[in-house]
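J.: One structure is given below, represented as structure tokens, and several questions about it will come after.
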Amino acid sequence: MRSVEEKIADSASEQGFILTGFAPMRALDERRDFFDRWIADGRPAEMTWLARQPERRVDPRVLDPRLRSVVSLAYPYTPPRPPDLDWRAELRGRIAAYALGPDYHDVVLRKARMVADGIAAVVPGAISRVYVDTGPVFEREWAAEARLGWFGRNTNLLNRYHGSYFFLAEILTDVEFAAVGEPYREHCGTCRRCLDLCPTGALTDGYKLEPRLCISYLTIEHRGPLPREMRPHLGNWIFGCDVCQEVCPWNDDHARAAPVNDALMPSLADLMALDEDSFRRRFGRSAIRRTKRRGLLRNTAVVLGNSGNPDAIAILANTLASEPEALVRAHAAWALGELGGEAARRALEAARTRETDQTVAAEIAMALEHAAA
Ligand code: B12
Ligand code: SF4
Ligand code: SF4
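Under the numbering used here, the letters of the sequence shown match residues 493 to 865, in that order.
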């Protein structure tokens with residue numbers, strides 16, 4: 493006779509989840525001080541939604557006092573093998589592995605709902621609330637409580653057998669469960685690879701991430717102009733960043749899919765040519781739609797500037813001349829300033845005479861100064 497917990501784990505595994513754990517509902521009071529300080533220090537930056545409903549985030553029973561447990565689930569995605577090509581020569585950007593397939597919010601939520609239906613089949617009348625990064629829930633903390641893994645220094649939830657390339661989902665329910673497995677020890681030990689190799693120093697002293705320095709935050713969540721001092725640090729990341737996962741030894745053993753160049757490393761020229769319609773056709777069902785076209789092209793312009801490749805100048809000159817979004821033109825001007833040289837200066841001078849937007853005009857002036865230096 494299989495236990496209720498085993499039946500639920502079976503149905504989760506049928507849906508493709510690789511880990512299932514159970515945690516008794518409680519208030520995560522020990523997180524409260526850190527979280528309140530985090531908010532007060534302005535760390536959410538433009539992710540203002542993170543500051544909403546802190547009571548409910550700490551204790552989901554504020555939403556529904558009947559809740560008794562959290563079922564935590566992990567759904568894998570495949571880290572692709574980075575293609576063996578010179579991105580500067582080929583002018584290709586890089587997209588984080590989690591964003592390569594269809595939007596996980598949709599796919600994983602649908603699967604987690606199936607598991608919740610399974611709970612109701614085993615325990616008739618059970619109530620369930622399902623989340624996949626879709627509400628004020630401390631997802632990694634509940635996963636750690638449910639013994640799925642440990643909180644790594646890179647702030648991701650890590651498992652000894654599955655590394656960290658998985659999404660988390662939770663089912664909050666009124667059903668009580670027995671704990672399964674042992675409490676998870678932490679296995680970072682003396683390793684500091686993620687801290688030392690993060691391109692921007694965003695993981696200051698481990699377990700603490702400064703979003704305003706994080707490429708993932710800057711390329712996905714930050715809306716306006718990218719801080720000038722951060723632009724060179726993007727390297728070729730145009731959406732998200734996987735460095736602190738790629739360098740983690742617990743991710744070493746993973747089967748990596750063959751590189752899919754256009755999805756993983758899209759041509760920067762092709763991205764700069766996207767209009768609203770083609771952006772929607774290409775990224776409308778992917779997590780990438782979050783940046784909107786203007787955010788993706790802003791990031792792409794910066795990466796072209798970081799390439800050091802003179803072939804990027806013609807692409808950026810065309811953007812500066814014909815792009816309707818001031819945000820994108822401004823970053824194209826910066827990128828031309830970075831690339832420098834006669835052709836870049838000519839494109840900037842031509843744009844200076846016709847530019848009507850003040851912020852773009854200011855970027856052009858700074859870029860001309862930089863290109864002359
Ligand atoms: C906001 C957010 C971001 C922000 C901020 C990230 C962050 N670390 O907080 C940004 C945009 C930067 C981001 C980036 C990424 N994210 Co994100 N993100 C979230 C989100 C929505 C909320 C996270 C949150 O609550 N942050 C609040 C702050 C306070 O958390 P924190 O800084 O880590 O602080 C905690 C720890 O430091 C801990 N702590 C403090 N001191 C100490 C000391 C010790 C010893 C320990 C053990 C712990 C500890 O307590 C604090 C409070 O709980 C979650 C989904 C969710 N609802 O949970 C997904 C989520 C965390 N993200 C996810 C992913 C996949 C990513 C990226 C890998 C995507 C990418 N490739 O670009 C990167 C990874 C960057 C990184 N190193 O974290 C996954 C992670 C899956 C996993 N295996 O862990 C989640 C769970 C989404 C999901 N449903 O799958 N993300
Ligand atoms: S996602 Fe990139 S920038 Fe952000 S902490 Fe990890 S390595 Fe650093
Ligand atoms: S790279 Fe090292 S310190 Fe960072 S999360 Fe992985 S094991 Fe922990």
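Ideal placement from N, C-alpha and C gives every residue a C-beta, glycine not left out.
All figures in this text were calculated on a predicted structure; none of them were measured in a lab.
Bridge partners of L660, per DSSP?
T.: A566
J.: Using the beta carbon as the reference atom, which residues fall closer than 5 Å to any heavy atom of ligand 3, ordered along the chain?
T.: G644, R645, N646, C680, C683, R685, C686 and C740
J.: Apart from the five residues just before and just after N728, which ones in its own chain have a Cβ nearer than 6 Å to its Cβ?
T.: W579, G585, R586 and V795
J.: Since Y596 is in the alpha helix (DSSP H), which residue starts that stretch and which ends it?
T.: Y596 to V614
J.: Are three or more beta carbon pairs between the stretch 552-570 and the stretch 637-654 nearer than 8 Å?
T.: yes
J.: Just to confirm, does S656 get its C-beta within under 7 Å of one of the non-hydrogen atoms of ligand 2?
T.: no
J.: Quick check on V550: does DSSP put it in helix, strand or coil?
T.: The answer is helix: DSSP assigns V550 an H, G or I state.
J.: So, with DSSP's three-state summary, where would you put N801?
T.: coil
J.: So the beta strand (DSSP E) T512 belongs to, where does it begin and stop?
T.: L511 to P516
J.: Would you call the stretch 687-697 and the stretch 721-735 touching, i.e. three or more CB-CB distances under 8 Å?
T.: yes
J.: Measure the alpha-carbon distance for V496 versus S770 and round it to whole angstroms.
T.: 48 Å
J.: With I500 as the anchor, note down where its alpha helix (DSSP H) starts and where it stops.
T.: Under the DSSP assignment, I500 falls in the alpha helix (DSSP H) whose first and last residues are V496 to E506.
J.: Between which two residues does the beta strand (DSSP E) containing W729 stretch?
T.: W729 to F731
J.: Is C733 near I707, with beta carbons less than 8 Å apart?
T.: yes
J.: Starting from R869, follow the alpha helix (DSSP H) in both directions and report where the run begins and ends.
T.: Beyond the ends of the chain as shown, which are 493 and 865, falls residue 869; an answer cannot be given.
J.: Measuring alpha carbon to alpha carbon, tell me which residue in A859, F630, P758 and N798 is nearest A515.
T.: F630
J.: Just to confirm, is the Cβ distance from L812 to A854 under 8 Å?
T.: no
J.: At which residues does the alpha helix (DSSP H) containing R773 begin and terminate?
T.: Per DSSP, R773 belongs to the alpha helix (DSSP H) from E768 to F775.
J.: Quick one: what's got a C-beta closer than 6 Å to A504's C-beta in the same chain, skipping five residues either side?
T.: T512, L565 and V607, listed in sequence order.
J.: Using a Cβ-based criterion (distance less than 7 Å to any ligand heavy atom), does W530 qualify as near ligand 5?
T.: Ligand 5 is absent from the structure shown, which contains only ligand 1, ligand 2 and ligand 3.
J.: When you compare only the Cα positions, how much space is there between T792 and G716?
T.: 14 Å
J.: In angstroms, rounded to a whole number, what distance separates the CA positions of E830 and T783?
T.: 24 Å
J.: Quick check on R652: does DSSP put it in helix, strand or coil?
T.: R652 falls in the coil class under three-state DSSP.
J.: P571 and Y709: beta carbons closer than 8 Å?
T.: No; because the gap between Cβ atoms is not below 8 Å, this pair is not in contact.
J.: Shortest alpha-carbon distance to H823 belongs to which of G833, A842, M764 and S778?
T.: M764
J.: Within 10 angstroms of the Cβ of A588, are there 16 or more other Cβ atoms? Answer buried if so, exposed if not.
T.: buried
J.: In this structure, does DSSP put Y709 in helix, strand or coil?
T.: helix
J.: Measure the C-alpha to C-alpha separation of L695 and R494 and round it to an integer number of angstroms.
T.: 43 Å
J.: I need the straight-line Cα distance from R772 to L789, nearest angstrom please.
T.: 13 Å
J.: Do you know whose CA, among L559, P575, A761 and D625, lies nearest D666's CA?
T.: L559
J.: For the structure I just gave you, are there three or more beta carbon pairs, one from the stretch 645-652 and one from the stretch 680-689, closer than 8 Å?
T.: yes
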